[in-house]
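Colleague:
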Amino acid sequence: MSNNTSPVSMEKLVSLCKRRGFIFQSSEIYGGIQGFWDYGPYGTALRKAIEQLWWSYTVEARSNVEGLDSTVICHPKVWKASGHLDKFGDMMTDCRECKSRHRVDQMEDPETCPNCESKDLTEPREFNLMMKTFVGPVFDEDHVAYLRAETCQPIFVDFHQVRIAARQKLPFGIAQIGKAFRNEINPRNFTFRSREFTQMEMEFFCFEEDSMTWYDYWKNERLNYYYDILGFTKEQLRTHDHDTLAHYAKAAVDIEFKFPFGWGELEGIHHRGTWDMSQHQEHSGENLEYFDQENKRKVIPTVVETSVGLDRTVLALLCNAYDEDMADTQKEGKAQEARVVFRFPAIVAPVQIAVLPLSKKLSTSAEKVCNDLRKYFRCEFDVTGSIGKRYRRQDEIGTPYCVTFDFDSLDDNAVTIRDRDTMEQVRISIDELRSYFDKKIIG
Ligand code: ATP
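Take the sequence shown: its position 265, counting from 1, is numbered 264 in numbering that gives the first Met the number 0, and each next residue is one higher.
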């Protein structure tokens, strides 16, 4: 399996992603727009599979986490209360020499331009990352609204609505997957730092006295998810406790992945105290307290948050899965051949099964096999080109299983399954395919 010895460079990855239709620049025919990316057919399938996996792991598998799907634009006061309007920003500086712009906290030497090494930089100044728009026909300051910078604020605002609708008691969580927008000064490293991206966040509301137990619980749950479900290794992940904490927080940790360009944050797990709920209570004038029946007391819930970027997860999976090897093509009846392969876990692979008839004459029968499997798995039918070329193409998009339908299949009602990683081939009755793949893919 590919791991931190993976031969991937960002150049190779970006080019393969474009060639195979995983990810490419938004509005490319107009020269692209920096920090915005489109996902093509395979990228979309991979992204949706990860999203679904996170949702079922975080929400559907638990009775104490509920789902929410809120709007991207909220009342502007939400962002005043959350502090985003006043202090959600980075310090930036411009180079007068080469006209490049930089985030000061990302510069090795804040006095030197990392692009041209000039010392002629503007004074660092604050830059707010919120994206602005107008709601209604009048474009003035009274009609300004913001695209959400994180998906969690509407969760705090809707806390009581969700609690009452779902008849939940503390402790319980609310999760949301959705777009977030940040006017990043310096979008870079492919999709890692984008201006439009998707977050998968869960806010867990609990009593203050239990909050550190829940913090440890969620930290473990999230690490297990990366190891057991996404297949990351201990060498590829590390945790980084925040050196300085917000005044209201008891703990905060980042889960980082070893990207080809260095360690980068995948997810943040934050103890947020009662900060967000207290802020929204104060700014809205609504009572956001919770009545604890058992102890006959009113409390503002304490919050433990898990917040992960979907696009960063996709990128980490792509980096982890990319591999180059010498395909043991003797098993395919040919000499050895170099191949590029994405070794995605079968559960998230964009195509889980490819059905390949050996000859065009077998298309009708083979397509029937494919259509039957399509009801349960992500499948692709491919009849064009030599079988070797079709295998290599499926390797490049990371398909874990190829089903070959040959002339014997018409008589013995069996097909050959080729495993992407071992390249072993097994002959299986068509009637048993579903249960075979259930075990292999769903487990
Ligand atoms: P960073 O320090 O990298 O800017 P952050 O600490 O501001 O990230 P959070 O506000 O904690 O990030 O957001 C939670 C998650 O959202 C991050 O762990 C990351 O996966 C994702 N995320 C944040 N900003 C971006 C971005 N510009 N592009 C893609 N994903 C992002």
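Ideal Cβ positions, reconstructed from N, Cα and C, are used throughout, including at glycine.
Using the beta-carbon count (16 or more within 10 Å), is residue 0 buried or exposed?
Modeller: Since pLDDT at residue 0 reaches only 37, below the 50 mark, its modelled position is unreliable, and the value read off the structure follows with that caveat. Classification of residue 0: exposed, given that the 10 Å Cβ count is below 16.
Colleague: Cα separation between residue 4 and residue 54?
Modeller: Residue placement at residue 4 is poorly supported in this model, since its pLDDT is 49, which falls under 50; the coordinates still yield a value, given next. Using only the alpha carbons, I get a separation of about 30 Å.
Colleague: Going by the C-beta, is residue 266 closer than 7 Å to any heavy atom of the ligand ATP?
Modeller: In this structure, residue 266 has its CB closer than 7 Å to one or more heavy atoms of the ligand ATP.
Colleague: Would you mind reading off the limits of the beta strand (DSSP E) that contains residue 301?
Modeller: 301–308 is the span of the beta strand (DSSP E), which, as asked, contains residue 301.
Colleague: By Cβ distance below 6 Å, which residues in the same chain neighbour residue 199 in space, the five residues on each side in sequence not counted?
Modeller: 53, 176, 307 and 309
Colleague: Is residue 138 near the ligand ATP, with its Cβ less than 7 Å from a heavy atom?
Modeller: no
Colleague: Between residue 2 and the rest of its own chain, which residues show a CB-CB distance below 8 Å, the 5 nearest in sequence each way excluded?
Modeller: The predicted model places residue 2 with a pLDDT of 41, which falls under 50 and marks its position as unreliable, so this point remains unresolved.
Colleague: Residues in the same chain with beta-carbon distance under 7 Å from residue 429, minus the five sequence neighbours each way, listed in chain order, please.
Modeller: Taken in chain order, the residues that qualify are 368, 412, 413 and 414.
Colleague: Does any heavy atom of the ligand ATP sit closer than 7 Å to the C-beta of residue 191?
Modeller: yes
Colleague: Determine the direct distance from the alpha carbon of residue 195 to that of residue 458, and round the result to whole angstroms.
Modeller: Summary: the structure shown does not reach residue 458, with the chain confined to residues 0 through 442, and so no result is reported for it.
Colleague: For residue 398 and residue 353, which I take to be in contact (beta-carbon distance under 8 Å), what is that distance rounded to the nearest angstrom?
Modeller: At roughly 5 Å, the Cβ-Cβ gap stays under 8 Å, so residue 398 and residue 353 are in contact.
Colleague: So within the stretch 125–199, which uninterrupted alpha helix (DSSP H) runs reach at least 4 residues, ignoring any that extend past its ends?
Modeller: 152–156 and 158–165
Colleague: Helix, strand or coil for residue 439 per DSSP?
Modeller: It is helical.
Colleague: Using the Cα positions of residue 390 and residue 106, report the straight-line distance between them to the nearest angstrom.
Modeller: 45 Å
Colleague: Can we count residue 198 as close to the ligand ATP, meaning its CB is less than 7 Å from some heavy atom?
Modeller: yes
Colleague: So within the stretch 332–389, which uninterrupted beta strand (DSSP E) runs reach at least 3 residues, ignoring any that extend past its ends?
Modeller: Counting only runs of 3 or more, we get 336–341, 352–356 and 378–380.
Colleague: Just list the alpha helix (DSSP H) runs in the stretch 28–94, keeping only unbroken ones of 4 residues or longer that don't cross its boundaries, in chain order.
Modeller: 40–54, 75–80 and 83–86
Colleague: Distance, Cα to Cα, residue 213 vs residue 303?
Modeller: 7 Å
Colleague: What do you reckon, are the CB atoms on residue 254 and residue 238 nearer than 8 Å?
Modeller: yes
Colleague: For the beta strand (DSSP E) that residue 265 lies in, which residues bound it at each end?
Modeller: Counting along the chain, the beta strand (DSSP E) containing residue 265 begins and ends at 261–272.
Colleague: Any heavy atom of the ligand ATP closer than 7 Å to the beta-carbon of residue 187?
Modeller: no
Colleague: Applying the criterion that 16 or more other CB atoms from any shown protein chain within 10 Å of the CB defines a buried residue, is residue 409 buried or exposed?
Modeller: exposed
Colleague: Within 10 Å of its beta-carbon, does residue 386 have 16 or more other beta-carbons around it, so buried, or fewer, so exposed?
Modeller: Label assigned to residue 386: buried.
Colleague: Whose C-alpha, out of 376, 362, 394 and 365, is nearest the C-alpha of residue 343?
Modeller: 394
Colleague: Can you grab the Cα-Cα spacing for the pair residue 49 / residue 347, in whole Å?
Modeller: 6 Å
Colleague: Might you give, ordered along the chain, the residues of its own chain that have their beta carbon closer than 6 Å to the beta carbon of residue 136, omitting 5 neighbours on each side?
Modeller: none
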